[in-house]
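> All the letters of the sequence shown, read from the start, carry residue numbers 1 to 299 under UniProt numbering.
I'd like to ask some things about the structure below.
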Amino acid sequence: MLTILAAGSMFFPGLFLLSKQCLKSIPALRWSEGDAVIVSARLVSSVQAVMASSAGYIIASSCEDILEDQHWLTSSYIMFAVPYFVFDVYAMFMCYWYKLRVKGHEEASAAPQHMSTALTSYLRREFLMVLHHVVMVTVCFPVSVFWRQGKGDYFQGILFMAELSTPSVCLGKILIQYKQQHTILHKVNGALMLITFFICRVLLFPYLYYAYGRYASIPFHMVPLSVPWHCNLGAALLMAPQLYWFSLICRGALRLFTGSSRSQRSRGVAKERQTDGNALPQPANGYSARSSDPDLSSH
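Written as structure tokens, this is what we have:
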């Protein structure tokens with residue numbers, strides 16, 4: 001187990017450093033330190049998500065008995081992925097640190113000048129996400145590896161597949177960071193993020209109850225009364241932040257698509273005024289009605 005833990009501790013930071021160095025040194029890119037850090041952190045998160053989802057599919061599809069069957073990949077991948085959650089807290093802070101210094105960013109003028117101040121601001125702003133990562137390491141890791149005693153690998157595999165929504169979340173954050181909300185890619189990715197997050201992180205928990213009810217031959221509404229109380233508590237604690245983040249995604253999606261409609265109408269009105277001979281001339285520096293930038297990414 002220590003070997004697998006050590007491998008994860010080297011793989012995720014190593015991939016981050018390699019990606020950052022490539023983005024900074026490739027002649028066709030030559031990205032700045034901040035840009036390379038932000039994109040590299042999202043890349044590592046996406047790679048981990050693909051690996052976790054793949055492991056989850058292999059585990060779940062191999063378990064005929066969803067309670068008793070075991071797969072060696074379950075505990076192995078948990079051990080491998082634990083260092084990622086520790087690394088990701090650091091990576092998210094570095095993204096926050098550089099994001100405040102991106103030229104033209106709305107918070108650039110308020111960027112903290114000292115690391116300690118930035119750390120306090122980061123913990124206050126990303127408290128829920130940091131808490132989520134801390135719980136994954138301090139609670140979910142020992143429960144999944146030791147407390148389960150080899151039971152329920154199928155359910156653990158399904159939980160791994162929740163990460164399938166992460167790549168679209170990461171791409172959404174990158175597009176928003178670099179002011180690409182007007183692109184078709186951002187809109188398509190936003191719709192994909194909404195769908196995958198709902199299926200993989202919201203419907204996932206009702207599905208787990210449904211799967212157990214089918215296995216135990218009990219009605220769906222009786223499952224919460226049939227499983228131990230700590231299972232219900234754990235599911236509730238894991239699902240609560242997902243519902244909160246999904247509400248943010250829905251709100252961002254609403255702003256994105258309604259904002260686009262308003263922007264198109266505004267451009268149409270401006271064009272009509274330009275064709276009207278009695279209309280006042282446009283200012284020399286131009287004018288574009290700017291809607292608020294929707295933040296579809298919450299995770």
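The C-beta atom is built at its ideal place from N, Cα and C for all residues, glycine as well.
Glycine 34 lies in the alpha helix (DSSP H); which residues open and close that run?
Glycine 34 -> alpha helix (DSSP H) spans 33-62.
> When every heavy atom of the ligand NAP is checked, does at least one fall within less than 8 Å of the C-beta of proline 206?
As presented, the structure is devoid of all ligands, the ligand NAP included, so that no description of it is given.
> Between which two residues does the alpha helix (DSSP H) harbouring lysine 166 extend?
One detail in the question is off: residue 166 reads as threonine in this sequence, not lysine. Run containing threonine 166: 166-177, per the alpha helix (DSSP H) assignment.
> Under 8 Å by Cβ, that's how I've got proline 142 and phenylalanine 87 pegged, so tell me the actual separation to the nearest angstrom.
That belief does not hold up - the Cβ atoms of proline 142 and phenylalanine 87 are roughly 19 Å apart, past 8 Å.
> Tell me the DSSP secondary structure of glycine 252 in three-state form.
Glycine 252: helix per DSSP, three-state reduction.
> Cutting at 8 Å between CB atoms, please list the residues of its own chain near valine 44, excluding the five before and the five after it.
Result list for valine 44: Phe12, Leu15, Phe16, Ser19, Tyr84, Phe87, Asp88 and Ala91, in chain order.
> Less than 8 Å between the CB atoms is what I'm expecting for histidine 71 and proline 241, so what's the real figure, rounded?
No, histidine 71 and proline 241 are not in contact; Cβ-Cβ is about 27 Å, not under 8 Å.
> Sorted by chain position, which residues of the same chain lie with C-beta nearer than 6 Å to histidine 186's C-beta, five sequence neighbours on each side aside?
So the list reads Leu175 and Gln180, once near-sequence residues are dropped.
> Helix, strand or coil: which one does DSSP assign to histidine 182?
Of the three classes helix, strand and coil, the one that applies to histidine 182 here is coil, per DSSP.
> I'd like the ranges of any alpha helix (DSSP H) spanning at least 4 consecutive residues and lying wholly in the segment 110-158.
Counting whole runs of 4 or more residues, the segment 110-158 contains the alpha helix (DSSP H) stretches 115-125 and 127-135.
> If I measure Cβ to Cβ from serine 53 and keep anything under 7 Å in the same chain, skipping five residues before and after, which residues do I get?
Excluding sequence neighbours, serine 53 sits near Phe160, Met161, Glu163 and Leu164.
> Could you work out which residue in Val47, Ala6 and Leu29 is closest to serine 168 when comparing CA atoms only?
It is Val47.
> Quick check: what's the CA-CA separation for serine 247 versus tyrosine 178?
Roughly 23 Å separates the two Cα atoms.
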